[in-house]
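Numbering (my numbering), first residue to last: 852 to 1449. Glycine included, each C-beta is placed from N, C-alpha and C at the ideal position. One structure is given here, and the rest of the page talks about it.
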Amino acid sequence: MPTYKAPVDDILFLLNDVFHIERYANLPAFAEASSDVVAAILGESGKFCEEVLTPLNRSGDEEGCTRHDDGRVTTPKGFTAAYKQMVAGGFIGISVPTEFGGLGLPVALTQSVNEFLASANISFAMYPGLTQGAIAAILAHASDEIKKLYVPKMVAGEWTGTMNLTEPHCGTDLGLIRSKAVRQPDGSYKITGTKIFISAGEHDLADNIVHLVLARIEGAPEGTRGLSLFVVPKVLPKPDGSLGAPNAVSCGSIEEKMGIHANSTCVMNYDGASGWLVADENRGLNAMFTMMNEARLGVGVQGLALSEVAYQNAAAYAKERLQGRALTGPKYPDKPADPIIVHPDVRRNLMAIKAFNEAARALVMWTALKSDLARHAENDKERQAADDHMGLLTPVIKGVLTDQGFANTVTAQQMFGGHGYIKEWGMEQFVRDARIPMIYEGANGIQALDLVGRKLGKDGGRAVTAFFAEVQGFLKDNAGDAALKPYLDPLARALEHLQQATMWFMQNALAKPDNGGAGATDYMQLFGLVALGYMWAQMAKAAQSKLKEGADGAAARLNAKLITGRFFVERILPEASAHLARIQTGAASTMELPVEAF
Ligand SMILES: Cc1cc2nc3c(=O)[nH]c(=O)nc-3n(C[C@H](O)[C@H](O)[C@H](O)COP(=O)(O)OP(=O)(O)OC[C@H]3O[C@@H](n4cnc5c(N)ncnc54)[C@H](O)[C@@H]3O)c2cc1C
């Protein structure tokens, strides 16, 4: 059975030594985030994930969710009790403002806790994760009345949230949505339509479920410009928040699927259900994007989370499994064979996952801090810069962390040989579970197109220019640091590749959009490599300066950081040149074959 240990020390290193959150102590969300508070939340949530959620991962996968004849859906054994415990820990509302019952702490902390939850049990983690996304959309766009009625209940875990975009005939192309909304004299709307693949659409964890539904108001324009967003509760709340009559919304069926068996994926039927507008009419997609930015960051975290738990188990196995002898002679002559961790090829695999995970965690933390700054920074310029960063990095984090997260679960499974393929070891579940984050919240190909087609050129390229300037600034400021040179030189080369690719798109993709489309995924991966390389440069600098200060107890951990970072810049970052080469070939060989040749 797999085990899990929450990487609390790694997160504290990032918060305290790399990103120095004390610098932000004057800002609202950070004022209360004293080191004691942060350590307590990470410690408690970590323990909950290790001891309560991890053991439920396997049983939840085997049992799955059950839809009963009356339309009720029950989650696997142990889930309702674990959910109560999670709610008592206050983990849903860590970053929700205190006036709505939350703790008002930085988003960076929420994302760290979400990583623990998803490592331990991604199916379970999705229930509060979707609630957080729905809360974000309501807080950003709904009326005060809706905020006051819904958000405190959601923070308290009494009501959960969902997002309803997908319909049988449309997923990526939301302009095709057919669900209808009809205005009522009292200002509400009647919603009718069918949504499919709705995560957490029906379950037994909470008394009410708050569906955020995209639909088209009668007479609204075709396409995405005619979509509005509605809050449609499963049970209609009375003004005091107590529950009234059931709404005309029901779960028609649940999907049998490859993984995340313990999360209910529902067909939802809206049969003239009462709903209330979130944001202005026809501005629904815009409001949904608020939810999607948070949700996409959260899905990127799922990729990292599964990569982390798969790595931990592969590393433990590699230290125990005895096969063959080290190339340099027996390392454990008293044993019949050496543990497989002595073999360079096994090391190569483990190092690749470890080097990715630690940098990915830093990238999430950096971006989550920007999300805090986008809300709380003191002046418009800083808020805007942080928002630009979020917009630019969100598709990169979603796409790269979930593509690589899945690949890493396969690599970790490989370390088990045939045993990885056998259910008992739990590795095949990580592989199955890690597959979906690449698909939902916008398939990864669409993330790449979002990056290249929308984010690069937005506001005259302001966000990408700022990103380049920041990395170049770091390279320049540290150019005289000989100890850092092994990290900076490869980063500078990869950055150059990224800049060349960006220039290539400007010159070749505007006139011929297929060139952009054919190179988008390589560009996203290249961007990810540079961003992760930048994280390693910063972590190496932090580790070196801590070691200089004489970090007694932490020396082994800090030295391990430096070695792991070197592995990344020497053995993973050079992949940047292959991505650039592919981008520069353009779309010709990709698009040349006639359709009938496929
Ligand atoms: C387990 C699960 C849970 C889900 N949870 C939810 C949920 O809670 N709420 C919700 O609303 N939806 C949910 N979804 C739906 C999910 O978001 C969609 O499946 C996803 O967005 C893709 O849409 P689609 O399946 O219709 O694929 P399509 O849109 O048909 O796409 C098929 C393929 O074509 C590619 N493609 C499509 N258009 C383009 C284009 N213009 N350019 C390039 N490539 C393109 C896509 O990248 C994809 O690879 C869930 C799905 C699953 C399987």
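Expected contact under 8 angstroms - CB spacing of residue i and residue j to nearest Å
i, j, result
"Y1374", "L1342", "18 angstroms between Cβ atoms; not a contact."
"H1062", "V924", "Between V924 and H1062 the Cβ distance is about 14 angstroms, and since that is not below 8 angstroms, they are no contact."
"A797", "L1224", "Because the chain in this structure spans residues 852 to 1449, residue 797 falls outside the shown range and cannot be described."
"A840", "N1366", "Within the shown structure, residues of the chain are numbered from 852 to 1449, placing residue 840 beyond reach of any answer."
"F1356", "L1243", "About 14 angstroms; that fails the 8 angstroms criterion."
"I1287", "I1111", "6 angstroms"
"E901", "V1152", "The Cβ separation is near 18 angstroms, so there is no contact."
"F899", "Q936", "7 angstroms"
"L1383", "A1167", "Going by Cβ atoms, the distance from L1383 to A1167 rounds to 25 angstroms, so no, they are not a contact pair."
"A1156", "T1415", "Going by Cβ atoms, the distance from A1156 to T1415 rounds to 19 angstroms, so no, they are not a contact pair."
"T1017", "K1046", "6 angstroms"
"G897", "A933", "That belief does not hold up - the Cβ atoms of G897 and A933 are roughly 15 angstroms apart, past 8 angstroms."
Spatially closest choice to residue i from the options, by CA coordinates
i, options, result
"P1187", "E1171, H992 and R1199", "E1171"
"M1142", "L1214, I1068, G980 and A1294", "G980"
"E895", "D920, V859 and I872", "V859"
"G929", "G944, H919 and V903", "V903"
"L1413", "K1392, I986 and L1444", "K1392"
"S963", "G1008, Q1389, L865 and G1022", "L865"
"A1146", "P927, G1012, H1227 and A857", "G1012"
"D1131", "G1269, A971, V1150 and S994", "S994"
"S1440", "R1076, F1378 and A1369", "A1369"
"D1185", "D861, I1049 and L1173", "L1173"
"M977", "S1115, D1024, P1364 and K856", "S1115"
"F1263", "D1328, A1285 and I1047", "Note on identity: in this sequence residue 1263 is Ala, with Phe being the wrong assignment. Checked all of D1328, A1285 and I1047; the closest Cα to A1263 is A1285."
"D1340", "L1326, H1348 and Q1351", "L1326"
"A1429", "E1443, A988 and L1380", "L1380"
"T1218", "A1206, A971 and P1246", "P1246"
"G1126", "G1154, E1106 and P1088", "P1088"
"S886", "E1400, G1077 and L956", "L956"
"V1215", "V888, A1294, E1321 and T961", "T961"
"F1378", "M1390, K1399, Q1351 and N1359", "Q1351"
"E1009", "V1420, L1178, I1060 and P1445", "I1060"
"R1283", "E1107, V889 and K1397", "E1107"
"Y1121", "K1041, L1307 and A1057", "K1041"
"M852", "R1134, L1025, A971 and T931", "A971"
Per-residue DSSP class, three states only, for residue i
i, result
"A1188", "coil"
"M1119", "strand"
"R1408", "helix"
"A1096", "strand"
"T1017", "coil"
"N850", "With the chain running from 852 to 1449 in the structure shown, residue 850 is simply not present."
"V869", "helix"
"Y855", "coil"
"K1041", "strand"
"S1079", "strand"
"K1031", "strand"
"A1362", "coil"
"T1262", "helix"
"L1128", "strand"
"L1178", "coil"
"L1346", "helix"
"G1401", "coil"
"D925", "One point to set straight first is that residue 925 is Thr, not Asp, in the sequence displayed. Strand."
"I1273", "coil"
"P1090", "coil"
"P1288", "helix"
"L1157", "helix"
"G941", "coil"
"G1103", "strand"
"L1424", "coil"
"L1444", "coil"
heavy atom of ligand 3 below 8 angstroms from residue i C-beta
i, result
"I943", "By its list of ligands, the structure shown excludes ligand 3, since it contains just ligand 1."
Interface flag, residue i vs chain B, CB-CB below 9 angstroms
i, result
"K1232", "Given the protein chain composition of this structure (a single chain), no chain B is represented."
Would you call the region 996-1005 in contact with the region 940-954, where contact means no fewer than 3 C-beta pairs closer than 8 angstroms? yes
In chain order, what are the residue ranges of uninterrupted alpha helix (DSSP H) at least 4 long that sit wholly in the region 875-923? 879-882, 886-899 and 905-914
Contact between the region 1292-1306 and the region 1239-1250 (3+ Cβ pairs under 8 angstroms): yes
Could you check whether the region 1330-1337 touches the region 1273-1286, counting it as contact only if at least three pairs of C-beta atoms, one from each stretch, sit closer than 8 angstroms? no
Whole alpha helix (DSSP H) runs in the region 1301-1340 with 4 or more residues, listed along the chain? 1313-1328
Which runs of the beta strand (DSSP E) at least 3 residues long sit entirely within the region 1044-1077? Give them in chain order. 1059-1068, all fully within the region 1044-1077.
Sufficient close CB pairs (3 or more, under 8 angstroms) joining the region 1201-1208 to the region 1159-1167: yes
Using a Cβ distance threshold of 8 angstroms, determine whether the region 938-947 contacts the region 863-878, with at least three qualifying pairs required. They do not touch, by the three-pair rule.
Do the region 1019-1039 and the region 1058-1077 make contact, defined as three or more Cβ pairs closer than 8 angstroms? yes
Give, in chain order, every unbroken run of the alpha helix (DSSP H) that is at least 4 residues long and sits entirely within the region 945-1026. For the alpha helix (DSSP H) assignment, the uninterrupted runs of no fewer than 4 residues enclosed by the region 945-1026 are, from N- to C-terminal side, 958-992 and 995-1006.
Report the residue ranges of all alpha helix (DSSP H) runs contained in full by the region 1192-1268; include only those spanning at least 4 residues, in chain order. Counting whole runs of 4 or more residues, the region 1192-1268 contains the alpha helix (DSSP H) stretches 1195-1227 and 1231-1265.
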